[in-house]
Every structure is written in C-alpha cells, then in structure tokens.
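Visitor: Here the protein sequences come in this chain order: A and B.
Quick note: the first sequence uses the working numbering, first residue 1, plus one each step.
Quick note: the second sequence uses the working numbering, first residue 1, plus one each step.
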Amino acid sequence: MNILVFIKRVPDTESKIRIRHETKAIVEEGLNFVISPYDEFAIEEALRLREAHGGVVRVVSAGKDESVAVLRKSLAMGADEAFLIKDAAPETYDGLRTARMIARAVERKFPGTDLLLFGKQSVGADNSQVPAMVAELLGLPQATVVTKLEVAHGAATACREIEGGAEKVALSLPAVVSAQKGLNEPRYETLKGIMAAKKKDIPVVTLEELGFGADDLAPQVEITGLDVPAARQSGKVLQGDPADTARELVALLRNEAKVV
Amino acid sequence: MIAVFMETRDGKIKKSSLEALSEAKRRAAELGGQAVAVLVGSGVEGLGSGSFAAGADGVYVLDSPALADYSAQGYALALAEWAAEARPAAVLFAATAMGRDLAPRVAARLGVGLVSDCTGVAVMNGKLEFTRPIYAGKAVLTCSLRSSPQLATLRPNVFPLGEAVPGAGEVVRKDVVVPDGAVKGRVTEVLKEESCEIDVTEAEVIVSGGRGLKGPENFALLRELAALFPRSAVGASRSAVDSGWIGHQHQVGQTGKTVSPSLYFAVGVSGAIQHLAGMSSSKVIVAVNKDPEAPIFKVADYGIVGDLFQVVPLLAQELKKALAE
Ligand SMILES: Cc1cc2nc3c(=O)[nH]c(=O)nc-3n(C[C@H](O)[C@H](O)[C@H](O)COP(=O)(O)OP(=O)(O)OC[C@H]3O[C@@H](n4cnc5c(N)ncnc54)[C@H](O)[C@@H]3O)c2cc1C
Ligand SMILES: Nc1ncnc2c1ncn2[C@@H]1O[C@H](COP(=O)(O)O)[C@@H](O)[C@H]1O
Numbered sequence: 001m002n003i004l005v006f007i008k009r010v011p012d013t014e015s016k017i018r019i020r021h022e023t024k025a026i027v028e029e030g031l032n033f034v035i036s037p038y039d040e041f042a043i044e045e046a047l048r049l050r051e052a053h054g055g056v057v058r059v060v061s062a063g064k065d066e067s068v069a070v071l072r073k074s075l076a077m078g079a080d081e082a083f084l085i086k087d088a089a090p091e092t093y094d095g096l097r098t099a100r101m102i103a104r105a106v107e108r109k110f111p112g113t114d115l116l117l118f119g120k121q122s123v124g125a126d127n128s129q130v131p132a133m134v135a136e137l138l139g140l141p142q143a144t145v146v147t148k149l150e151v152a153h154g155a156a157t158a159c160r161e162i163e164g165g166a167e168k169v170a171l172s173l174p175a176v177v178s179a180q181k182g183l184n185e186p187r188y189e190t191l192k193g194i195m196a197a198k199k200k201d202i203p204v205v206t207l208e209e210l211g212f213g214a215d216d217l218a219p220q221v222e223i224t225g226l227d228v229p230a231a232r233q234s235g236k237v238l239q240g241d242p243a244d245t246a247r248e249l250v251a252l253l254r255n256e257a258k259v260v
Numbered sequence: 001m002i003a004v005f006m007e008t009r010d011g012k013i014k015k016s017s018l019e020a021l022s023e024a025k026r027r028a029a030e031l032g033g034q035a036v037a038v039l040v041g042s043g044v045e046g047l048g049s050g051s052f053a054a055g056a057d058g059v060y061v062l063d064s065p066a067l068a069d070y071s072a073q074g075y076a077l078a079l080a081e082w083a084a085e086a087r088p089a090a091v092l093f094a095a096t097a098m099g100r101d102l103a104p105r106v107a108a109r110l111g112v113g114l115v116s117d118c119t120g121v122a123v124m125n126g127k128l129e130f131t132r133p134i135y136a137g138k139a140v141l142t143c144s145l146r147s148s149p150q151l152a153t154l155r156p157n158v159f160p161l162g163e164a165v166p167g168a169g170e171v172v173r174k175d176v177v178v179p180d181g182a183v184k185g186r187v188t189e190v191l192k193e194e195s196c197e198i199d200v201t202e203a204e205v206i207v208s209g210g211r212g213l214k215g216p217e218n219f220a221l222l223r224e225l226a227a228l229f230p231r232s233a234v235g236a237s238r239s240a241v242d243s244g245w246i247g248h249q250h251q252v253g254q255t256g257k258t259v260s261p262s263l264y265f266a267v268g269v270s271g272a273i274q275h276l277a278g279m280s281s282s283k284v285i286v287a288v289n290k291d292p293e294a295p296i297f298k299v300a301d302y303g304i305v306g307d308l309f310q311v312v313p314l315l316a317q318e319l320k321k322a323l324a325e
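1. Starting from residue 64/A, find everything on chain B with Cβ-Cβ shorter than 8 Å and list it in chain order.
2. Just checking: is the beta-carbon of residue 275/B within a distance shorter than 9 Å of some beta-carbon in chain A?
3. Using a threshold of 8 Å, is the CB atom of residue 19/B nearer than that to any non-hydrogen atom of ligand 1?
4. Is the shortest distance between the beta-carbon of residue 133/A and the beta-carbons of chain B less than 9 Å?
5. Classify residue 115/B as buried or exposed, calling it buried when 16 or more other Cβ atoms lie within 10 Å of its own Cβ.
6. From residue 183/A to residue 149/A, what distance separates their C-alpha atoms?
7. Just to make sure I have the definition right: I need the residues of chain B whose C-beta is within less than 8 Å of the C-beta of residue 19/A. Which are they?
8. Could you check the C-alpha separation between residue 220/B and residue 5/B for me, to the nearest Å?
9. Please classify residue 153/A: is it buried, with 16 or more other beta-carbons within 10 angstroms of its beta-carbon, or exposed?
10. Does at least one heavy atom of ligand 1 sit under 8 Å from the Cβ of residue 238/B?
11. Here's a check: name, in chain order, each residue in its chain whose Cβ is nearer than 8 Å to the Cβ of residue 129/B, leaving out the five neighbours to either side.
12. I want to see whether chain A comes within less than 9 Å of residue 60/B, judged by CB atoms only; does it?
13. Pick from 304/B, 183/B and 164/B: whose alpha carbon is nearest that of residue 70/B?
14. Taking three-plus beta-carbon pairs below 8 Å as touching, is the segment 43-51 of chain B in contact with the segment 146-166 of chain B?
15. With a cut-off of 9 Å, does the C-beta of residue 34/B fall near any C-beta of chain A?
16. Using a Cβ cut-off of 7 Å, which residues of the segment 230-245 of chain A contact any Cβ in chain B, in chain order?
17. Using 8 Å as the threshold, is the segment 202-215 of chain B in touch with the segment 227-238 of chain B, meaning 3 or more CB pairs across them?
18. Considering only residues of the same chain and omitting the five flanking positions on each side of residue 216/B, which have a CB-CB separation below 6 Å?
19. Any idea what DSSP makes of residue 185/A, helix, strand or coil?
20. Note down, in chain order, each residue of its chain lying with its Cβ closer than 6 Å to the Cβ of residue 260/A, except the 5 sequence neighbours on either side.
21. Could you please give me the residues that DSSP links to residue 133/B through a beta bridge?
22. Let me check understanding here. Comparing Cα to Cα, which of 267/B, 199/B and 302/B lies closest to residue 237/A?
23. For residue 112/B, which residues does DSSP report across the bridge?
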C-alpha cells in the first residue's frame with residue numbers, strides 16, 4: 001500500500017496566543033511548534049497499515065522551511081520518506097489554498113497512492129476543510145472524523161463520528177480519510193528512529209514545480225480582523241454552607257441569568 | 001439570495017439547520033434579498049414546509065434516488081450544480097458532522113473559499129462578514145470571502161431561531177442526475193450510541209464531569225441533574241474520558257466536541273485551556289469545584305466552592321423545586 005500522510009506544523013495547544021494587530025497575524029516568536037495532534041493519529045494509522053499490508057508511508061507538509069522539524073519527527077516515528085511543499089506565505093486560514101497545493105502534489109509527484117490520511121482538523125486554523133477539499137479536487141471518496149479504519153482488497157470501511165453515534169462508510173480506494181482521536185494511540189519516536197531520521201534527506205517541492213504561478217494561490221479568505229476574545233466577566237463565586245450556596249445559585253440562575 | 005443547506009436525519013430537519021436559516025433570513029433582510037432552504041435527498045419534498053417555520057422565502061428540493069443515503073460526493077455534486085445555476089450570494093451550512101463533511105467538498109467543487117464554524121455573521125459593504133474562534137478560542141478571526149458564492153458553516157446553538165412566517169413560499173423540485181460511478185463512498189450503516197440521550201453538540205443544557213467525580217458510578221449524580229432539563233446531555237473532561245468513566249462522544253474540549261449550550265455545568269472540572277476551548281462560547285457557565293483557585297472559576301458566570309458530592313444533590317433538589325414552580 002502506498003500511503004500519503006499530510007501533516008501541519010502548528011503552535012502547541014498550551015500556547016498563549018498573542019496578536020500583532022498591524023499584520024493581523026499571531027506572534028510566532030516564542031511559540032513551541034508541534035505536529036497538529038490529529039495528524040499524529042494519521043501517521044500512526046499509516047504505520048500500522050504498513051505493518052499489516054506492507055508498502056510505503058510518505059509524509060508531506062506544506063509550509064515554511066521550519067516545517068522540516070515536524071517532518072523529521074514523522075520520520076523518527078517510522079515514516080519512510082518526507083517531503084516539504086515549500087510555501088512561504090503566512091497563515092491564510094484558507095483551506096482551499098492548501099488543498100490545491102496538496103491535490104496538485106498528489107497528481108504530479110505521488111501517482112499510484114492508495115490512501116491519503118489527514119488529521120480531522122489542524123489545531124489553530126481549526127478549519128476541518130483540507131481533507132474533503134483534496135478529496136473533491138481529486139475526485140476521491142472520503143471519510144472524515146474517523147475513529148476506526150479497516151482496509152482490505154482495494155476498499156476501506158471507516159467509522160466516523162456523528163451526533164449521538166457513528167456512521168459506517170464504505171469507500172473504494174484510493175480514498176481520503178481524516179483521523180479523529182480514538183483511532184489509535186500514536187507511538188513515541190525511538191532513539192534509533194531519531195538517529196535514522198537525522199540522516200534522511202527531506203526533498204523540497206516548489207510551487208513552481210507544481211505549476212503554480214505567482215497569483216494562482218491568492219487566498220479567497222480576506223482577514224478583516226484578528227483579536228483576542230472578549231474576556232468573560234468574572235462571575236459570582238459562592239462559598240459556605242452547601243445548602244445555602246445551592247439555594248442561592250438556583251435563585252441567581254432564575255432571576256439574574258434567567259436560564260431556569 | 002442566501003441559501004441554506006437543510007440537513008435531515010431520521011426524516012426530520014435538524015434544528016441547527018433551522019438556526020442557520022434563521023440567520024440567513026436576518027442577513028438577507030439586511031441585504032435586501034431572500035433566504036431559501038435547499039433540501040437534498042430522495043422523496044424529501046414533504047419536509048420542505050418545515051423550512052418555512054424558520055422564515056424561508058422558498059425551498060428547493062434536489063432529488064434523486066441516488067441521493068437517498070447521504071454521501072459527501074453525491075450531495076456536493078447536487079449542491080454545486082444547483083448553486084452554479086441559481087447563483088446565490090451565499091450558501092450556509094450548520095457546522096455539524098454532515099455540514100463539516102460536505103461544505104468543503106462543495107467549496108472545492110465550486111472553486112471558492114469557505115469559512116468554518118462561525119459564531120457570528122454580519123453584513124459589511126454588501127457582503128457577509130464572518131466571525132469565528134481560532135486557536136481553540138484563544139483568538140477571534142473576522143473575515144470575508146473574495147469568491148462567490150460565499151460559503152460558511154455556522155456553529156450549532158449560537159444563532160437564535162427566527163419566527164415562523166405565515167403565507168409560506170414555493171417548494172421547487174429539481175431532479176438531479178448522479179452519473180454512475182460518481183459516488184465512490186457511501187454510508188452503509190448508522191450506529192446509534194446506546195442510551196445516548198442527545199448529543200452534547202445539540203444539547204441546550206450540559207452537565208459535565210471531570211476527574212473530581214472520582215469514578216464512573218458518580219456520573220449518575222450528573223445524569224440526575226441533567227434529567228431535570230429537556231434537551232440536556234452529560235459531558236466530560238478528557239481526564240474522565242481517558243479514565244474510561246464515560247465514552248469519548250461525551251468529551252468536551254479541543255480534542256472533543258465544541259459546544260455552546262444555554263447553560264453549562266462544569267462539575268469537578270479544573271478548567272484546563274483545552275477544556276475551555278470546547279465550552280467557552282456557552283451562554284451561562286456554572287462551576288462546582290472544591291478548589292477556589294481552579295481556573296474554571298475565571299470563566300464561570302456562577303460558581304460554588306464546595307464538595308461536589310454534597311453540592312450536586314442539593315443543587316438538583318433546589319432546581320427541581322424551582323422548575324416545578
Ligand atoms: C493536546 C491536548 C488536548 C486536550 N484536549 C482536551 C479536551 O478536549 N478536553 C479536556 O477536557 N481536556 C483536554 N486535555 C487535557 C487537559 O489539559 C486537562 O488535563 C483535563 O481537562 C483535566 O481534566 P479535569 O478537569 O477533569 O481533571 P483535573 O485537572 O484533575 O481537575 C479535577 C478538578 O476536580 C476538582 N475536585 C476534585 N474533587 C472534588 C470534589 N470532591 N468536589 C469538587 N471538586 C473536586 C479539583 O479541585 C480539580 O479542579 C487536552 C490536553 C492536551 C495536551
Ligand atoms: N499546510 C498543510 N500541510 C499539510 N497538511 C495540511 C496542511 N494544512 C492542513 N493539512 C491537513 O489537513 C488536515 C485538516 O486541516 P484543516 O482543514 O486546516 O483543519 C490537517 O489535520 C492536516 O492533515
């Protein structure tokens with residue numbers, strides 16, 4: 001099986017986000033960047049499928065040179081090869097822009113791919129757009145937000161989360177699958193893996209190579225503002241006898257908040 | 001014209017789609033246009049009239065036997081074809097499991113941008129301006145789209161339902177041709193979680209428990225409290241889920257569900273940033289925690305410092321009295 005995994009470099013979820021208002025962008029200095037957590041489930045699933053069926057796991061990230069670090073981590077986890085689609089643009093929050101780069105790379109660089117694995121969303125942009133967009137651009141079926149995946153004989157069955165339950169989706173391969181927590185437990189890198197990853201070459205794919213001209217990837221999303229959320233007003237905290245506080249709280253919910 | 005994709009499950013239109021339609025109606029009024037509902041499926045015309053309850057000026061039904069079961073490919077084909085012909089200024093979806101699966105596909109098919117999981121929509125210079133939380137709610141983005149139609153998904157439970165309109169508009173049926181082989185993936189089975197009352201993303205009242213509950217059996221306390229409210233659900237922190245006390249479906253937060261109920265109880269939940277990511281757009285937040293320094297009190301509208309095992313039963317008792325009045 002030829003498997004492609006798409007990963008994004010994002011600020012870790014503990015990060016304190018500061019905003020540079022002039023550029024309507026977040027301040028990147030001082031942030032710790034990681035593989036978007038859902039993408040780790042995608043890498044792990046690819047490695048398990050390779051262990052079961054044989055084949056090659058290739059990992060691809062679109063972004064700045066710094067993304068090499070997350071690609072290297074995926075190699076240390078056990079991926080066979082890693083590629084950087086070099087895109088120097090700052091975060092656009094535009095899923096279609098990324099999806100077009102990825103779809104083009106799949107067509108030109110990775111023909112013969114059986115399965116395209118993604119995270120269900122990139123934390124930060126929190127878009128949940130790229131996987132389904134890539135599927136549409138390539139005319140492939142999709143299963144998003146998947147917690148269980150079985151692959152056999154050119155087809156896949158996926159369980160995806162829906163409100164109040166799950167949905168079983170039958171797909172013919174090649175297909176797009178996006179990973180939700182619960183799909184597996186991502187492994188840690190081994191020391192041996194880290195050493196081997198250091199020696200591996202990470203080829204760079206340029207946008208020119210993919211046939212994009214200077215204006216082809218202009219974002220459709222126009223950022224009009226970026227701010228920190230209005231702080232919630234600090235509320236009323238009741239202390240003391242449990243019976244009294246319970247009574248008082250219900251009175252507040254009824255008379256002040258008017259939700260009861 | 002602003003169009004809204006009406007999601008149906010079990011032969012009913014989803015409430016979150018009606019919320020999106022209500023918002024479409026308000027913005028369309030500002031823009032001086034119409035709000036229309038778009039239904040996709042096979043033999044779903046009968047559901048069209050339901051859309052008028054949320055103020056639709058008209059209903060389009062995209063019908064094909066090939067669309068009887070949901071498939072992202074089939075539905076995207078039908079919607080994109082319709083949009084290319086009807087040329088709405090915008091198409092809105094509810095940010096549900098289906099809406100999030102489908103909207104990006106429609107956007108890619110039309111070659112247009114999409115704004116996900118909006119919590120606000122305004123009109124600015126004749127276009128829509130969207131507001132959405134990013135970085136798990138640590139920043140708020142406002143943006144518009146250069147491409148047309150403008151596509152967006154709207155977070156459930158955020159946008160108020162509009163008034164029903166008397167003298168409802170027309171239901172227009174369009175037959176869709178889905179070419180053989182165009183749909184390569186389809187839903188074969190829908191598995192309901194047993195005893196799943198209602199999903200946390202759809203609940204109006206959520207009672208969430210964390211590690212402070214100490215064990216799975218104590219979730220019964222929360223269920224009792226939740227049962228006092230209609231459209232309620234039990235939620236959980238990741239620690240409670242990872243301890244195996246309750247299913248992952250109930251997890252609220254960055255790696256769980258994003259919820260915005262009218263009333264959110266956080267019981268024995270410390271209020272880690274990743275938990276807040278999932279629930280800070282709730283309208284009213286109530287915290288019960290024995291630690292007065294717990295970060296959850298910083299976002300709670302109301303809090304009780306105390307032992308949950310004492311407080312929660314008393315709270316249930318008081319609420320029962322109040323709700324009976
Ligand atoms: C990448 C990533 C993603 C994550 N995603 C999520 C997510 O989606 N959702 C999520 O919730 N977390 C998530 N987390 C985990 C998060 O960081 C916290 O670890 C978790 O939310 C803590 O759960 P808790 O509040 O139940 O437990 P704790 O932090 O242990 O808090 C328990 C609380 O209960 C109180 N308590 C104890 N006993 C009592 C009592 N008798 N009466 C009253 N109060 C009592 C304590 O004072 C304490 O405040 C994520 C973490 C990472 C790194
Ligand atoms: N720049 C990128 N490079 C590679 N993969 C990406 C990139 N952005 C998003 N993805 C993939 O698409 C998934 C969903 O991202 P998003 O649509 O941004 O929420 C992520 O979890 C990744 O698997």
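We put the beta carbon where it would ideally sit given N, CA and C, even for glycine.
Just so you know, these numbers come straight off a predicted model, no measurement behind them.
Guide: Straight from the coordinates:
1. On the first sequence, position 64 is the one that residue 64/A refers to. Within 8 Å Cβ-Cβ: nothing; residue 64/A doesn't reach chain B, min ~18 Å.
2. One-based indexing of the second sequence puts residue 275/B at position 275. For residue 275/B, no Cβ of chain A is located within less than 9 Å of the residue's own Cβ.
3. Within the second sequence, numbered from 1, the residue matching residue 19/B stands at position 19. No, the beta carbon of residue 19/B sits no closer than 8 Å to any heavy atom of ligand 1.
4. Within the first sequence, residue 133/A is the residue found at index 133, counting from 1. Chain B contact via Cβ: present.
5. Here the question's residue 115/B lines up with position 115 in the second sequence. Result: buried.
6. Working through the first sequence from its first residue, we reach residue 183/A at position 183. Working through the first sequence from its first residue, we reach residue 149/A at position 149. Roughly 8 Å between the two C-alpha positions.
7. Counting from 1 along the first sequence, the entry for residue 19/A is found at position 19. Chain B residues near residue 19/A: 139.
8. Your numbering for residue 220/B matches position 220 in the second sequence. Your numbering for residue 5/B matches position 5 in the second sequence. Cα to Cα, the separation comes out at about 38 Å.
9. Against the first sequence, residue 153/A aligns to sequence position 153. Exposed is the call here.
10. Numbered from 1 along the second sequence, position 238 holds the residue referred to as residue 238/B. Residue 238/B: yes, Cβ under 8 Å from ligand 1.
11. The count along the second sequence starts at 1 and reaches residue 129/B at position 129. Beyond the five residues adjoining it in sequence on each side, residue 129/B comes within less than 8 Å, by CB distance, of 121, 122, 123, 142, 143 and 144 in the same chain, given in chain order.
12. The count along the second sequence starts at 1 and reaches residue 60/B at position 60. Not an interface residue.
13. The count along the second sequence starts at 1 and reaches residue 70/B at position 70. When only C-alpha atoms are compared, the closest one is 183/B.
14. With contact defined as three or more Cβ pairs closer than 8 Å, the segment 43-51 of chain B and the segment 146-166 of chain B are not in contact.
15. Residue numbering aside, residue 34/B sits at position 34 when the second sequence is read from its first letter. Among the residues facing chain A, residue 34/B is not included, as its CB has no counterpart in that chain under 9 Å away.
16. 232, 234, 235, 236, 237, 238, 239, 242, 243 and 245
17. Cβ pair count under 8 Å is three or more, so yes.
18. Taking the first residue of the second sequence as position 1, residue 216/B is located at position 216. Excluding sequence neighbours, residue 216/B sits near 245.
19. Taking the first residue of the first sequence as 1, we reach residue 185/A at position 185. In the structure shown, residue 185/A sits in coil (DSSP, three-state: anything other than H, G, I, E or B).
20. For this step, residue 260/A is matched to residue 260 along the first sequence. Counting only residues of its own chain and dropping the five nearest sequence neighbours on each side, residue 260/A has a CB closer than 6 Å to the CB of 253 and 254.
21. Counted from its first residue, the second sequence places residue 133/B at position 133. According to DSSP, which records beta bridges pairwise, residue 133/B is partnered with 140/B.
22. Translated into positions along the first sequence, residue 237/A becomes position 237. That would be 302/B, whose Cα lies nearest to the Cα of residue 237/A.
23. Against the second sequence, residue 112/B aligns to sequence position 112. In the DSSP output, where bridge partners are listed per residue, residue 112/B has none listed.
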